[in-house]
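Residue numbers (the numbering used here), protein chains in the order written: chain A, 16 to 219; chain B, 19 to 177. Positions of the beta carbon are idealized from the N, C-alpha and C atoms, including for glycine. Here the structure is a predicted model, which is why all the values come from computation and not from measurement.
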C-alpha cells in the first residue's frame with residue numbers, strides 16, 4: 016500500500032500534463048480530470064460489492080471512477096475525495112500558514128480505507144513526510160525569492176492562450192497555471208464587490 | 019553469548035551517535051527486517067494503523083528514507099540537516115537473557131538544525147531489542163514526542 020501511495024509522485028512530466036485541470040467560476044477547481052496519482056489504487060472488493068448493492072453497478076462505477084487529485088474550494092479548502100481527506104489552509108501572517116489535515120472514516124466501509132487515508136496522511140502530509148520535505152523546501156525558497164526586488168510581477172502565465180473567461184468552466188492541460196489565474200480573478204472579484212456597491216451608492 | 023546491562027545501554031548510545039553523525043546506512047543494519055519505527059501523533063496513542071502517526075515505518079520505508087537522505091537529488095537536504103541527541107541513562111524495563119529479549123525506556127532531548135533554523139524536541143524512546151546471532155538488534159522502536167500533537171515545520175531527520 017505504501018508503494019501505491021508513494022510511487023505516483025515520481026511519475027513523468029507527461030503524466031501530470033495529461034491528467035488535466037478543471038477550473039470553475041469563483042476560483043474553484045481541481046487537478047486530475049482524466050486520471051490522477053490516486054487512479055491505480057487497489058480496490059477493496061467488499062467496498063465495491065457494498066457500493067453495487069446500494070447504487071447498482073453503473074452508478075457505483077461512476078462514483079468510484081472519479082479519481083480527482085486535489086479539489087480546491089476558493090480560497091483555502093482542499094479535498095482529496097479518493098482518500099477521504101480535507102486540508103484547511105489557515106493564514107496566520109504574511110510569512111506563516113497553518114495546514115490542518117483531516118482524515119475521515121466512511122461509515123460502514125472496510126477498515127482498509129481508513130488505514131489508507133491514515134497512511135497517506137502520514138506519508139505525504141505529516142511534518143515527517145519525505146514528500147512534504149521537498150514541498151515545503153520549494154515553498155520556502157519561493158517565499159525567499161519574493162523578498163527580492165528583482166521582478167515587480169509574479170509570472171503565472173504558463174499555458175495562457177490570450178483569452179480566458181473565468182466565469183466559465185474549462186478543462187485544460189494539467190500543468191496550466193489557469194487555476195492560479197482563476198484564483199486571482201476570484202480574489203479581485205470578491206475584494207472589489209462591496210467597493211463597487213459603495214461607489215454606486217455614493218453616485219446615487 | 020551473554021549480554022550485560024551495560025551492553026544494552028552502550029547499544030542505545032551507539033545508535034543515537036550513528037544518527038547524529040549521519041551514518042544512516044549503518045543505522046539501518048541495527049534493525050530486524052520485521053521491525054517498525056513508530057512515532058505517534060497523539061499522546062499515548064495505541065493504534066498505529068487507523069489513526070495518523072508521524073512515522074510508522076517498516077523495512078521498505080526506512081530504506082527509502084535513508085536512500086533519500088543519502089541521495090544527490092534531495093533538494094530539501096541541500097544543505098544537509100544535522101541533529102544531536104542528548105540522552106538520559108536508559109531504564110531497562112525488561113531484561114530476559116533466556117529469551118534474548120530486552121525493553122528499554124530512554125528520555126532524550128533532540129535538536130535538529132538546517133541553515134539558520136534550529137528546533138528542540140523532548141521525547142521518550144521505547145526500544146524492543148533482540149539478541150540475534152550474538153548481536154543486539156532493534157525489534158521495534160517507538161518515539162513519543164512530548165509535543166507530538168503540535169504544529170511543526172519539517173522534521174527531516176530521525177528523532
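| Query | Result |
| --- | --- |
| Expected contact under 8 Å - CB spacing of residue 58/B and residue 77/B to nearest Å | Not quite, the Cβ-Cβ distance comes to about 20 Å (not below 8 Å), so this is no contact. |
| Residues bridged to residue 102/A [DSSP beta-bridge criterion] | 93/A and 116/A |
| Enclosing beta strand (DSSP E) for residue 68/B [first to last residue] | No beta strand (DSSP E) contains residue 68/B, which DSSP labels as neither H nor E. |
| CA nearest to the CA of residue 28/B, picked from 81/B, 105/B, 79/B and 66/B | 105/B |
| Limits of the beta strand (DSSP E) - the one that residue 156/A falls within | Counting along the chain, residue 156/A falls outside any beta strand (DSSP E), though it belongs to the alpha helix (DSSP H) covering 145-161. |
| Proximal residues, the stretch 50-83 of chain B versus chain A, C-beta separation under 8 Å | 57, 59, 67, 68, 69, 70, 71, 72, 73, 74, 76, 78, 79, 82 and 83 |
| Assigned secondary structure, residue 132/A (DSSP; H/G/I helix, E/B strand, else coil) | helix |
| Residue 135/B, enclosing beta strand (DSSP E) - first and last residue | 135-150 |
| Closest residue to residue 188/A among 32/A, 28/A and 27/A (Cα-Cα distance) | 32/A |
| Nearest neighbour of residue 170/B, chosen from 53/A, 49/A and 111/A [CA to CA] | 111/A |
| Nearest-angstrom Cα separation, counted from residue 101/B out to residue 137/B | 10 Å |
| C-alpha distance - residue 137/A paired with residue 159/A, whole-angstrom precision | 27 Å |
| Min CB distance residue 123/B to chain A below 8 Å | no |
| Cross-chain neighbours of residue 126/A in chain B, by beta carbon under 9 Å | 67 and 68 |
| Where residue 17/A meets chain B, residues with beta-carbon distance less than 8 Å | 76, 78 and 79 |
| Closer than 8 Å to chain A by CB, residue 140/B | no |
| The beta strand (DSSP E) enclosing residue 111/B, as first and last residue numbers | 109-114 |
| For residue 88/B, the residue or residues it bridges with in DSSP | Partner(s): none; residue 88/B has no beta bridge. |
| Helix, strand or coil at residue 155/B [DSSP, three-state] | strand |
| One or two residues paired with residue 162/B in a DSSP bridge | 142/B |
| Span of the beta strand (DSSP E), counted from its first residue to its last, around residue 105/B | 100-105 |
| With 16 other Cβ atoms within 10 Å as the buried cut-off, status of residue 113/B | exposed |
| Contact with chain A by residue 10/B, beta-carbon distance below 8 Å | Limits of chain B in this structure are 19 at one end and 177 at the other, which puts residue 10/B out of reach. |
| Buried versus exposed call for residue 54/B [16 or more other C-beta atoms within 10 Å across all chains shown] | buried |
| Buried versus exposed call for residue 28/A [16 or more other C-beta atoms within 10 Å across all chains shown] | exposed |
| C-alpha distance - residue 128/B paired with residue 181/A, whole-angstrom precision | 49 Å |
| Residues of the stretch 85-96 of chain B whose Cβ lies closer than 7 Å to any Cβ of chain A, in chain order | 86, 93 and 94 |
| Contact set between residue 143/B and chain A, taken where Cβ atoms lie within less than 8 Å | Going along chain A, no residue has its Cβ under 8 Å from residue 143/B, so there is no contact; the nearest lies around 15 Å. |
| Buried or exposed by the 16-neighbour rule on C-beta atoms within 10 Å, applied to residue 95/A | buried |
| Contact set between residue 169/B and chain A, taken where Cβ atoms lie within less than 7 Å | 113 |
| 8 Å Cβ cutoff met for residue 8/A and residue 47/A | The structure shown has nothing for residue 8/A, since chain A only spans 16 to 219. |
| The stretch 188-198 of chain A / the stretch 161-176 of chain A touching (three or more Cβ pairs under 8 Å) | yes |
| 8 Å Cβ cutoff met for residue 154/B and residue 25/B | yes |
| Own chain partners of residue 119/A with C-beta closer than 6 Å, once the 5 adjacent residues on each side are dropped | 99 |
| CB contact check: residue 25/A to chain B, cutoff 8 Å | no |
| Proximity winner among 53/A, 152/A, 36/A and 214/A, relative to residue 91/B (alpha-carbon distances) | 152/A |
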